[in-house]
Each structure stands twice: as C-alpha cells, then as structure tokens.
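Those letters in the sequence shown? Residues 590 to 853, by the working numbering. Glycine is no exception: its CB is placed at the ideal position from the N, C-alpha and C atoms.
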Amino acid sequence: MSYENFLYEVDDGIATVRLNDPDRLNALTFQTYEELEKLTRNLAGDDAVRVLLLTGNGKGFCSGGSVHEIIGRLLEMRAEELYRFTRMTCDVVKNMRNLKKPIVAAVNGIAAGAGAMLALASDLRVVSERAKFAFLFVKVGLSGADMGALYLLPRIVGQGKAAELLFLGDPVDAEEAYRIGLANRVVPHEKLMEEAYALARRVSEGPLYALGVTKELLNAEADMALETALETEATVQARCMGRSDFREGYRAFVEKRAPQFNRS
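The following block contains the structure:
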C-alpha cells in the first residue's frame with residue numbers, strides 16, 4: 590500500500606505513517622487529508638496491522654493546514670464546499686477514534702492546529718523534549734471547535750485548561766504538555782523513535798480484541814450514566830472471558846511466562 594503524501598510501512602504488526610513534507614513542517618494539504626481518511630478507515634479491516642504509529646519527518650510533527658494549499662483555497666470556496674472539507678477533516682479523527690487498534694503519536698516537533706488534533710486523536714503520545722503543541726484556530730479567526738477539539742481536549746486536560754488552550758492559542762512546550770496530561774511521556778529528542786516503537790511493540794503484544802474493547806469504551810463511557818456503564822462493562826468483560834486470550838493469560842500466569850496472545 591503506497592501513498593503520495595506520507596510514507597507508510599508495516600513491520601511486525603506496527604504500521605508507521607510518517608508525514609513527509611519536512612520543508613513545510615509537514616503541513617497538510619487536501620490530498621493528505623484524503624489519504625489519511627482513507628488509510629484510517631481501511632486499517633479497521635487490515636489484519637496485518639495491530640498498532641498504528643504516527644510521526645513526521647524532519648523538525649516538525651505537523652504544522653497544520655498548508656497556508657497556501659488549504660487556507661488560501663478555502664477563502665475561495667462556497668459554503669457547501671467548505672462543509673465537505675471540514676467534514677472530511679472530522680472523518681479522519683472519527684476513523685482514528687473508532688479504530689479498535691491502539692494509535693501511538695511520536696511527536697518530534699511542532700504539532701499545531703490540525704497537527705495538534707492528529708496527536709490528540711491518538712491514544713498515546715510520546716513527545717520529544719523539543720516538541721510543542723498549539724491549538725491555533727482562534728489565531729486565524731476560527732473557533733476552537735475543529736476536528737473534535739472540544740470533545741477530546743477537555744477529556745484529557747480538563748475543561749478549564751482546554752478553554753485556556755483554545756481561547757488563547759498559545760504554544761505548550763513538552764514539559765507543560767506532560768504536566769497537564771497532554772503527553773504520556775517526554776523523552777530526549779534523539780531517543781524519540783526508539784521509545785515510541787518500544788511502546789508500540791509493547792502494546793502490540795497485548796490482547797488485540799481486549800485492547801479494542803478498552804479503547805471503544807474509553808470513548809463511549811464518558812457520556813454514559815453509571816448504571817449504563819456498569820452494564821456495558823459487565824457484558825463486554827464476560828465476552829472477553831470466553832475468548833482464548835483470557836485462557837492464555839491464565840496459563841501464562843500459572844506457568845510464570847509472558848503470555849502469547851492472539852495476534853489477529
């Protein structure tokens with residue numbers, strides 16, 4: 590599988606997407622969005638992939654939408670065209686959150702605007718000490734309601750901090766991102782990919798079905814009443830108990846060895 594606007598490879602169950610426009614800090618184009626939407630949708634049925642790792646080439650993770658190739662063209666579009674574009678950008682996030690496979694973002698530099706949202710839509714964020722996040726939408730006269738920001742960001746950093754980040758659009762460095770929960774880990778820049786792949790490999794060795802259920806319910810239960818959440822968890826956990834991974838987990842514990850979970 591090949592794409593024109595980013596590098597893509599699969600190795601031992603880990604699919605890597607590497608945004609590849611380093612001269613523009615991996616700014617997104619219409620075509621990049623289209624390819625990301627297609628990829629994240631198709632990964633749901635790709636049994637060769639257990640984990641997705643997202644990063645950027647060069648000094649930036651992703652600087653957001655290209656000023657000339659997206660923003661300039663948006664100013665010339667009619668209302669229905671603008672909606673088709675915003676719907677497509679939201680579909681990238683929808684696919685990422687609905688994908689029942691873990692997504693690790695290796696944030697190697699600036700993650701701004703839509704780039705910050707790609708990191709935010711990932712499940713785990715390993716961040717270089719040089720990285721920065723910026724939710725820049727209000728800086729260009731747009732609302733902070735972009736690509737699911739108002740849904741995802743408060744769930745990670747809290748309502749008050751999310752309002753501050755979205756109202757002001759100020760950059761957040763790596764240490765502050767870790768402090769507020771936006772980054773899971775901050776690592777030396779030269780060790781970023783090593784650490785990100787180590788985390789991706791560790792996750793990929795887990796029980797894929799159970800991880801998918803966990804991700805699905807992390808998304809869903811935030812909006813459930815307690816009784817509904819408990820009933821949902823009782824149902825899916827009983828289902829997991831009937832699967833071979835649960836039996837393997839028990840045998841591995843008794844035999845004092847690492848479990849060998851189903852890899853598909």
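For residue i, does the three-state DSSP call read helix, strand or coil?
| i | result |
| --- | --- |
| residue 598 | strand |
| residue 638 | coil |
| residue 701 | strand |
| residue 711 | coil |
| residue 618 | coil |
| residue 695 | strand |
| residue 655 | coil |
| residue 734 | coil |
| residue 717 | strand |
| residue 812 | helix |
| residue 664 | coil |
Counting only the same chain and skipping the five closest in sequence on each side, list residues whose C-beta sits under 6 Å from that of residue i.
| i | result |
| --- | --- |
| residue 701 | 652, 653, 723 and 725 |
| residue 624 | 592 and 594 |
| residue 735 | 726 |
| residue 742 | 751 |
| residue 721 | 699, 760 and 762 |
| residue 615 | 608, 645, 649 and 651 |
| residue 776 | 784 |
Here's the rule: buried if 16 or more other CB atoms are within 10 angstroms of the residue's CB, otherwise exposed. What is residue i?
| i | result |
| --- | --- |
| residue 686 | buried |
| residue 756 | exposed |
| residue 650 | buried |
| residue 672 | exposed |
| residue 842 | exposed |
| residue 712 | buried |
Please find out if some non-hydrogen atom of the ligand ZN comes closer than 7 Å to the beta-carbon of residue i.
| i | result |
| --- | --- |
| residue 782 | Absence of the ligand ZN is noted for the structure shown, with no ligands found whatsoever. |
Specify, as a first and last residue, the run of the beta strand (DSSP E) that residue i falls within.
| i | result |
| --- | --- |
| residue 745 | Per DSSP, residue 745 belongs to no beta strand (DSSP E); it is in the alpha helix (DSSP H), 738–746. |
| residue 776 | 774–776 |
| residue 608 | 603–608 |
Is there a Cβ of chain D sitting closer than 8 Å to that of residue i, yes or no?
| i | result |
| --- | --- |
| residue 745 | Given the protein chain composition of this structure (a single chain), no chain D is represented. |
Looking only at its own chain, which residues have a Cβ that is under 7 Å from the Cβ of residue i, when we skip the five neighbours before and after it?
| i | result |
| --- | --- |
| residue 808 | 686 |
| residue 622 | 677, 678 and 681 |
From what residue to what residue does the alpha helix (DSSP H) around residue i run?
| i | result |
| --- | --- |
| residue 800 | 797–809 |
| residue 671 | 668–687 |
Using a Cβ-Cβ cut-off of 8 Å (strictly less than) and excluding sequence neighbours within five positions of residue i, which residues of its own chain qualify?
| i | result |
| --- | --- |
| residue 878 | Missing from the structure shown is residue 878; the chain here goes from 590 to 853 and no further. |
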